[in-house]
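Residue numbers (my numbering): 1 to 321.
Each residue gets a CB set at the ideal place from its N, CA and C atoms; glycine is no exception.
Below is one structure; the comments refer to it alone.
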Ligand code: FAD
């Protein structure tokens, strides 16, 4: 039997999230020449099918319903399970996002399947694939192999490179009609906090501040630097607890996990709980007054100094480029 992989695409405000393309790349590796079927769930999302195909999906199934306009685990699990029952794949791939983390255990338990969550790398392909995921707050990695049953994985954003977009690719798009019933939650309105627009979990550059930033105003130069680099601002829990910024910016064990190309940590001591959320960043730059700060142990580049002097200098330098 040839492999078939179902991959859930994620849409936010009418736009496909990058993690969807990364999940397709992972699915290709798992399918090992078999078929990758993209799943689009929502209300008014079908027009995005072509983009999934351009990034490597062989076919797309859409489920549209007014109750699917906003994510609820009830609604999306009914829609996804209907596609699953139609397609009978050997593997399922989700992004390890807030949505994926909420939905994947629910679907896996309904399918009586195991779940390999937060995969950062896949070695090999097809049934021989080995899934690598961080454990113990990122201090170690474990390798997991699937011996039997459905392969069900969630992939951490920013780790598996998407395939190159090819607008010449073609594939079938079909609509599946699903009756969405007995919803326990109906979302009437979504009120979003205003942000700069770059999603922290998917940002290629993160400028994060800690208690050393000292105030909400202290975050302004960090925001300027992030804007200049097309990145997002993040924070330590110390900064969030001190009310310098919103908890939605918290990075770490009990916050968001980020893996940007560049992570700039300013005024952050580098507690183990913070490292759990950022130590897999590709390049880490630490700015701290204390040369003994733990953050320097994971930093690729360390600047011992006052962040209020260093950040404006960095802004000047980047502006001059
Ligand atoms: P501090 O440890 O106070 O460090 C501030 C740093 O700023 C110092 O190193 C200081 O030298 C430097 N500094 C001060 N002024 C300047 C300046 N002008 N210029 C440059 N440097 C300066 N923390 C997280 O971040 N994320 C989590 O998800 C998280 N989860 C947790 C879960 C649990 C169960 C527990 C117990 C703790 C958790 N924590 C988490 C908290 C964590 O243990 C630390 O308390 C927290 O990360 C410290 O934040 P900080 O580095 O900003 O503050």
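* Go through the residues and name those whose CB comes closer than 5 Å to any heavy atom of ligand 1, in chain order. => 210, 211, 212, 236, 237, 238, 252, 253, 254, 255, 267, 268, 269, 271, 273, 274, 288, 289, 290, 293, 306 and 307
* Asked: Can you tell me the Cα-Cα spacing of residue 24 and residue 36, whole angstroms?
  -> The residue you call residue 24 lines up with position 24 of the chain shown. The residue you call residue 36 lines up with position 36 of the chain shown. Going by the C-alpha atoms only, they are around 7 Å apart.
* Asked: Does the beta-carbon of residue 154 have 16 or more other beta-carbons within 10 angstroms, so that it is buried, or is it exposed?
  -> By 1-based counting over the chain shown, the position of residue 154 is 154. Classification for residue 154: buried.
* Would you be able to state if there are at least three C-beta pairs under 8 Å between the region 284–302 and the region 166–183? => no
* Could you tell me the distance, in whole angstroms, from the CA atom of residue 170 to the CA atom of residue 52? => To locate residue 170, count along the chain shown from 1; it is residue 170. To locate residue 52, count along the chain shown from 1; it is residue 52. Roughly 10 Å between the two C-alpha positions.
* To do: Would you mind working out which of 79, 260 and 127 sits nearest residue 107, comparing C-alpha positions?
  => For the purposes of this step, residue 107 is identified with residue 107 of the chain shown, where counting begins at 1. Comparing Cα-Cα distances from residue 107 to each of 79, 260 and 127, the minimum goes to 79.
* Asked: Alpha carbon to alpha carbon, what distance is there between residue 46 and residue 305?
  -> Locating residue 305 in the chain shown gives position 305, counting from the first residue. Locating residue 46 in the chain shown gives position 46, counting from the first residue. Computed Cα separation, rounded: 51 Å.
* 7 Å CB neighbourhood of residue 269 in its chain, flanking five on each side removed -> Here residue 269 refers to the residue found at position 269 when the chain shown is read from its first residue. Only 210, 293, 294 and 295 meet the Cβ criterion.
* Is residue 46 helix, strand or coil when you go by DSSP? -> Within the chain shown, numbered from 1, the residue matching residue 46 stands at position 46. Residue 46 falls in the helix class under three-state DSSP.
* In whole angstroms, what is the alpha-carbon distance linking residue 158 and residue 277? -> The residue labelled residue 158 in the question sits at position 158 within the chain shown. The residue labelled residue 277 in the question sits at position 277 within the chain shown. Cα to Cα, the separation comes out at about 13 Å.
* Asked: Where residue 265 and residue 90 are concerned, what is the direct C-alpha to C-alpha distance, given to the nearest angstrom?
  -> As a first step, residue 265 must be located in the chain shown, where it is residue number 265. As a first step, residue 90 must be located in the chain shown, where it is residue number 90. Each residue's Cα considered, the two are about 41 Å apart.
* Is there a Cβ from chain B that is less than 9 Å from the Cβ of residue 155? -> Protein chains in the displayed structure number just one, and chain B is not present.
* To do: Would you mind sorting residue 118 into buried or exposed? The rule is 16 or more other CB atoms within 10 Å of its CB.
  => Locating residue 118 in the chain shown gives position 118, counting from the first residue. So residue 118 ends up on the buried side.
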